[in-house]
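**Student:** First residue of the sequence shown: 1, per our numbering; consecutive thereafter. Ideal Cβ placement from N, Cα and C applies to all residues, glycine included. Given the structure is predicted, the values throughout are model-derived calculations rather than measurements.
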Amino acid sequence: MTDVENRPAQPDPEGGARPADPRPAMAWWAVAAVAVPATVVLLLSATRYDYFGDELYFLAAGRRLSFGYADQGPGLPLLARLMDTLAPDSFFALRLPAVGLTVLAIVVCAMLARELGGGRWAQTLAALGYATSPFLLLQGTMLTTNAVDCALWTVIGWCVVRWVRTRDDRLLLAAALLSAVDMQVKWLIPFFWIVLALSAWLIGPRELVRRPLLWAGGVVVVLTTVPQLIWQARHGWPQLEMGRVIAGEQGILGGRVLFVPLSLILAGWLGVLLLVWGLVALLRRESLRPYRFLAVALVLLYLVFMVLGGRVYYPAGLYAPIIAAGAVVLVVTAAGLKPVGRRALLAGTTLVTVLGAAMTLYATPWIPAEDIAPAADGTQAAINIGTYGQFGWPELTDAVTTAYHTLPPQQRAETILITETYWQASALDEFGHPHLPPVYSPSRGFGYFGTPGDDATTVLYIGETGEQEARLRAQFERVEPVGEVNTRLGFPGNTQDVTIWKCTGRTRSWAQVWPTWMHL
């Protein structure tokens, strides 16, 4: 075991001579023993069930490539289009980038432990801490913005930690360039740099915020984000409104009161142990003084997202360096204990690791679809959205197709589809072509894909049962239900409790009505 207290001195936080490389060798075989099983779990999980609602949306957005979207950058739509071009209609292939990036994050977490002076055991423990978190690992089973964003944060964090030791400014440039890529996925990375810069300026290393290459990379980030900014400005800055919508949605998970506890729980049994241990060690141990700003940055990140009403998983991208520090110090602590204490700590850590691995395996989508119980209510469905959001899309498409083909041929030629949610629109866009007419939705980013044309005399509206009838009757003279969708498994309001309405006799133009219908 490598003792972080006895290794050669770290560089001075404000600069100074660099000592010889103090790091132990990288324990690739030990890390592979964690990463390979994790890869198998991810690959098998990625083959299960069907497209997740957001994955369908990325495919729909990819067919409408743009410099900007209402709720995200162009990165994932472009990636989704690429993967669908390489392997059409394969949700497994679509998910492979997320799988690869998640495995990379596991390995980088071990590399972070090495940067902090950890040997084979610390590196293995850090990798286990990441890989046994149901959230950190299993987010890689689907292509989502957070799966990509979290992995990029982890690699950027490694660049920063390694810079503290080496003062190689090329690492800061690399971190900035990766941030430019991340800005094309999600607009969270600026918060990473804000809290990191503030923490470094307050307690060191202040040199971090004075490095020219870092600021040069920042210029690249700004320049590559300009097309998105122009798009947002032209469309009224929907990203800002999206932030308010997300803040409102967080009430279902306890809002600001439970933000930190729930965010910590996401790390899993072993992960939360190492996370807390790492936070305390970074704040108290003099040997880790050069990296103390990371702990302060995480605390600030909690405060920022708690105040702004961010999702509980937003800070998770900064977990890897803290988990790595916890792994290093836990191994050091064990080495300094008497045999009885060492065995007790080892037994406790093993138990927590086994429990964490078991929970992660239990959370994988191994249950056959026919054995999954329907959600008891909307809250349970929202909490388990990753599961229930993968079901019901073929049934929805079949029901809409049936309703469409009951129309007379002449009427079908003048019919369009409008859905209440962007998931529904994306599913019909994916599965309905070429058998269904054009699909529109005022929901989230889909509302910006286009306004319905006034030449359509009939609308098939797909929405939650009973919820939209009053709004439809204000826009149409005749509104009648022509179909229903209520799958055994699915997401409420998307594939459950859904009515298909036939609407004719439009009273106002869509140019007047559509802006009032659009919502995020």
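Output the distance between the C-alpha atoms of Val185 and Trp423, rounded to the nearest integer angstrom.
**Tutor:** 19 Å
**Student:** DSSP three-state call for Gly68: helix, strand or coil?
**Tutor:** coil
**Student:** Inspect the CB distances between the stretch 309-326 and the stretch 179-198 and report whether three or more fall short of 8 Å.
**Tutor:** By the Cβ test, the stretch 309-326 is in contact with the stretch 179-198, since at least three Cβ pairs between them sit closer than 8 Å.
**Student:** Less than 8 Å between the CB atoms is what I'm expecting for Gln123 and Ala267, so what's the real figure, rounded?
**Tutor:** About 18 Å separates the CB atoms of Gln123 and Ala267; that is not less than 8 Å, and the two are not in contact.
**Student:** Tell me which residues share the same chain as Trp269 and place their Cβ nearer than 8 Å to its Cβ, disregarding the 5 neighbours each side in the sequence.
**Tutor:** Thr132, Val352, Thr353, Leu355, Gly356 and Met359
**Student:** Jot down the residue ranges of each uninterrupted alpha helix (DSSP H) in the stretch 186-238, minimum 4 residues, whole runs only, in chain order.
**Tutor:** Whole alpha helix (DSSP H) segments, 4+ residues: 189-203 and 212-234.
**Student:** Just how far apart, CA to CA, sit Ala174 and Cys159?
**Tutor:** Cα to Cα, Ala174 sits roughly 7 Å from Cys159.
**Student:** Tell me the DSSP secondary structure of Thr451 in three-state form.
**Tutor:** coil
**Student:** Just to confirm, are Ala105 and Tyr130 a CB contact at a threshold of 9 Å?
**Tutor:** A contact, by the Cβ cut-off of 9 Å.
**Student:** Give me the DSSP bridge partner(s) of Glu484.
**Tutor:** Thr499
**Student:** From the DSSP output, read off the bridge partner residues of Ser443.
**Tutor:** His519
**Student:** Please report the residue range of the beta strand (DSSP E) in which Thr401 lies.
**Tutor:** Per DSSP, Thr401 belongs to no beta strand (DSSP E); it is in the alpha helix (DSSP H), Trp393 to His405.
**Student:** Check the C-beta distance from Val323 over to Ala126 and give it rounded, since I have them as a contact under 8 Å.
**Tutor:** Reading off the sequence, residue 323 comes out as Ile, not Val. Confirmed, Cβ separation roughly 6 Å.
**Student:** Pull up the DSSP beta-bridge partners for Gly463, would you.
**Tutor:** As a beta-bridge residue in DSSP terms, Gly463 pairs with Thr499.
**Student:** Which residue wins for smallest C-alpha separation from Gly142, given the options Gln380, Pro365 and Gly271?
**Tutor:** It is worth fixing the name first, because residue 142 is Met in this sequence and not Gly. Here the closest residue by C-alpha is Pro365.
**Student:** So that I know if they touch, is there some Cβ in chain C lying closer than 9 Å to that of Val181?
**Tutor:** No chain C appears in this structure, which consists of one protein chain only.
**Student:** Residues in the same chain with beta-carbon distance under 6 Å from Glu484, minus the five sequence neighbours each way, listed in chain order, please.
**Tutor:** Correct list, in chain order: Thr499.
**Student:** Determine the contact status of Leu279 and Val299, defining contact as a CB-CB distance below 9 Å.
**Tutor:** yes
**Student:** Assuming Phe391 and Thr465 are in contact, meaning their beta carbons sit under 8 Å apart, how far apart are those beta carbons, in whole angstroms?
**Tutor:** At roughly 18 Å, the Cβ-Cβ gap does not stay under 8 Å, so Phe391 and Thr465 are not in contact.
**Student:** Taking the alpha helix (DSSP H) that Leu288 belongs to, which residues open and close that run?
**Tutor:** For Leu288, no alpha helix (DSSP H) encloses it, and the DSSP letter there is neither H nor E.
**Student:** If you measure between the beta carbons of Val482 and Ala403, is that distance less than 9 Å?
**Tutor:** If you check the CB distance, Val482 and Ala403 come in under 9 Å.
**Student:** How many whole angstroms separate the CB atoms of Phe192 and Leu318, which I take to be in contact at a CB cut-off of 8 Å?
**Tutor:** Going by Cβ atoms, the distance from Phe192 to Leu318 rounds to 7 Å, so yes, they are a contact pair.
**Student:** Would you check if the distance between the CB atom of Trp501 and the CB atom of Gly445 is smaller than 9 Å?
**Tutor:** no
**Student:** Are the stretch 436-456 and the stretch 511-519 touching by the rule of at least three beta carbon pairs closer than 8 Å?
**Tutor:** yes
**Student:** Looking at the strands, I want to know which residues DSSP matches up with Phe418.
**Tutor:** This sequence places Ile at residue 418; Phe is not what is there. Paired residue(s): Tyr440 and Tyr461.
**Student:** For Thr487, which option in Phe135, His435, Ala87 and Trp393 has the closest C-alpha, if you only look at C-alpha atoms?
**Tutor:** Distances from the CA of Thr487 to each of Phe135, His435, Ala87 and Trp393 were compared; the closest alpha carbon is that of Trp393.
**Student:** Applying the 10 Å Cβ sphere with the 16-neighbour rule, what's the burial state of Thr406?
**Tutor:** So Thr406 counts as exposed.
**Student:** For Leu96, is the beta carbon positioned less than 8 Å from some heavy atom of the ligand PLP?
**Tutor:** The ligand PLP is not part of this structure, which contains no ligands at all.
**Student:** Starting from the C-beta of Arg522, find all residues in its chain whose C-beta is less than 7 Å away, skip the five residues before and the five after it, and write them out in chain order.
**Tutor:** This structure cannot settle anything about residue 522, because the visible part of the chain is limited to 1 through 520.
**Student:** Under the three-state reduction of DSSP, which class applies to Thr364: helix, strand or coil?
**Tutor:** Thr364 carries a coil assignment under DSSP once its states are collapsed to helix, strand and coil.
**Student:** Under three-state DSSP, which class holds Phe91?
**Tutor:** helix
**Student:** Where Gln10 and Pro290 are concerned, what is the direct C-alpha to C-alpha distance, given to the nearest angstrom?
**Tutor:** Unreliable placement is indicated for Gln10, whose pLDDT of 47 sits below 50; the coordinate value is still reported in the next sentence. Rounded to whole angstroms, Gln10 to Pro290 spans 7 Å at the Cα level.
**Student:** To the nearest angstrom, how far is it from the Cα of Gly140 to the Cα of Leu213?
**Tutor:** 32 Å
**Student:** Any idea which residues DSSP pairs Pro492 with across the strands?
**Tutor:** Gln496
**Student:** Using three-state DSSP, classify Leu479 as helix, strand or coil.
**Tutor:** For the sequence presented, residue 479 should be read as Val rather than Leu. Note: Val479 maps to strand in three-state DSSP.
**Student:** Straight-line CA distance for Val245 to Pro238?
**Tutor:** 10 Å
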